Amino acid sequence: MNMPKRYSDDDQLDGHFGAPLGGADAKGVAPGLAPLTRRARLLIGAEIWILLGLSLGKSGVYAVVNIIAMLTAPTPLGEHTAEIVKSQAPRPYLDLTYQILSIGFALMPVALALYLLSLRGRNALKNIGLDGTRPWRDTAIGFGLAAIIGIPGLALYAIGRAVGITVEVQPATLNSVWWTVPILILAALQNGILEEVIVVGYLFERLGDLRWRTWSIITASALLRGSYHLYQGIGPFFGNVVMGFVFGWFYQSKWGKRRVMPLIIAHTILDIVAFVGYALLPAAWLKALGVG
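Written out as structure tokens, the structure is:
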């Protein structure tokens, strides 16, 4: 795949950055570049751990502790529940304020990731495809990916509930007020931006800087995605790992063109369907779908 050059010759010579995956050899390793200095490798590694520790890595650690707690509790795993978007205050406008603040502050790690990727003159938005240059193509691909992931995902959730390895996920338990649906849509968009920018865009760039092989990056990204969904049970962990492999492979493929926009759109669609559908559909319908 022909990829645009992302780094200057100086960047490659001073050992601070790796090469784009598109220039990799058959094993996924960029040829002809000087090895990273030990200091550069340590700094990049520290940056990755710090950013993840402030965002989805922290969520992953808590999710691991959560699943251990549920597995060691007297109550079977399948009888636990997990709320995703829930009310934070009994008073509607105070709750709305908290919801808006939660969404805004949850996106701060995205701003940090983009800032870090912009250092040394990089165009972070262009490099990871976080722009509006291909709106129709990105939207069409996003809907396609959402269908590919969403339909099997719902079946996997139902199977997991049936065999007792998945908790009862309650996507949205907000009070029914005028702002419920807009907040659920914003929460879905926040999830899409946060996860795809960090787990795919940022991680692919920085692990590429460390000269990781393509499939090693995809695997690390997929496992990270699965880890912070462990609070939903064993089934959602594996389901999100599969989603991570699909998204990661597509992102670096000739069809994905290293653009996170289609992934953000797909992820947002999936969460809108889950959040808004759960909030608006009758209980009988939710039960028939295996989510009520």
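In our numbering, the protein residues as written are 8 to 299. Yeah, the Cβ is synthetic: ideal placement off N, Cα and C, and Gly gets one too. In this text, all values refer to a predicted model and were calculated from it rather than measured experimentally.
Report task. Please name the residue, chosen from Val-92, Gln-106 and Ile-91, that lies closest to Arg-98 on a Cα-to-Cα basis. Result -> Gln-106
Query raised in the report: Around the C-beta of Ser-183, are 16 or more other C-beta atoms found within 10 angstroms, so that it is buried, or is it exposed?
Result: exposed
Query raised in the report: What is the C-beta distance between Thr-275 and Gly-199, in whole angstroms, given that I count them as a contact (C-beta under 8 angstroms)?
Result: 4 angstroms
**Report entry** Buried or exposed by the 16-neighbour rule on C-beta atoms within 10 Å, applied to Pro-116
**Finding:** buried
Query raised in the report: Cβ of Ala-89 within 9 angstroms of Cβ of Val-176?
Result: yes
Query raised in the report: Nearest-angstrom Cα distance between Leu-217 and Val-72?
Result: 29 angstroms
Requested in this report: Examine chain B for any beta-carbon lying closer than 9 angstroms to the beta-carbon of Val-204, and answer yes or no.
Outcome: The structure shown contains no chain B, having only a single protein chain.
Query raised in the report: Quick one: does the C-beta of Leu-61 sit closer than 8 angstroms to a heavy atom of the ligand ATP?
Result: The ligand content of the structure shown is nil, which means the ligand ATP is not present either.
Query raised in the report: Can you name the start and end residues of the beta strand (DSSP E) that Pro-142 belongs to?
Result: Note, Pro-142: premise wrong, no beta strand (DSSP E); alpha helix (DSSP H) at 142 to 170.
Query raised in the report: When burial is assigned at 16 or more other CB atoms within 10 Å of the CB, is Tyr-209 buried or exposed?
Result: buried
Requested in this report: Take every Cβ of the stretch 135 to 146, pair it with every Cβ of the stretch 221 to 234, and state whether three or more of those distances are shorter than 8 angstroms.
Outcome: no
Report task. Could you have a look at Val-176 and say whether DSSP puts it in helix, strand or coil? Result -> strand
Query raised in the report: Are Arg-168 and Phe-211 closer than 9 angstroms when you measure CB to CB?
Result: no
Query raised in the report: Is the stretch 190 to 205 touching the stretch 258 to 272 in the sense that three or more CB pairs, one from each, lie closer than 8 angstroms?
Result: yes
Query raised in the report: Of all the beta strand (DSSP E) runs that stay within the bounds of the stretch 57 to 100, which reach a length of 3 or more residues?
Result: 88 to 93
Query raised in the report: Whose CA, out of Leu-119, Ile-91, Ile-74 and Ala-76, lies closest to the CA of Leu-58?
Result: Leu-119
Requested in this report: Label Arg-127 either buried or exposed according to how many other C-beta atoms from any shown protein chain fall within 10 Å of its C-beta, with 16 as the threshold for buried.
Outcome: exposed
Query raised in the report: With DSSP run on the structure shown, which of helix, strand or coil describes Gly-284?
Result: helix
Report task. Report the three-state DSSP secondary structure of Gly-199 (helix, strand or coil). Result -> helix
Query raised in the report: Quick one: what's Gly-240 bridged to in DSSP?
Result: Thr-173
Query raised in the report: Thinking C-alpha only, which one of Ala-47, Lys-93 and Ala-229 is nearest Ile-110?
Result: Lys-93
Query raised in the report: So what does DSSP say about Tyr-235, is it helix, strand or coil?
Result: coil
Query raised in the report: When you compare only the Cα positions, how much space is there between Ile-192 and Ile-279?
Result: 6 angstroms
Query raised in the report: With burial defined as no fewer than 16 other Cβ atoms inside 10 Å of the residue's Cβ, what is the status of Val-170: buried or exposed?
Result: exposed
Requested in this report: Determine the DSSP secondary structure at Gly-134, reduced to helix, strand or coil.
Outcome: Sequence check: residue 134 is Asn here, not Gly. In this structure, Asn-134 counts as helix in the three-state DSSP scheme.
Report task. Pull up the distance between the alpha-carbon of Ser-228 and that of Val-68, whole angstroms please. Result -> 15 angstroms
Query raised in the report: Should Leu-124 and Arg-48 be called a contact, given that it needs their Cβ atoms to be closer than 9 angstroms?
Result: no
Query raised in the report: Any idea what DSSP makes of Leu-181, helix, strand or coil?
Result: coil
Query raised in the report: So, is Phe-254 buried or exposed, given that buried needs 16 or more other C-beta atoms within 10 angstroms?
Result: buried
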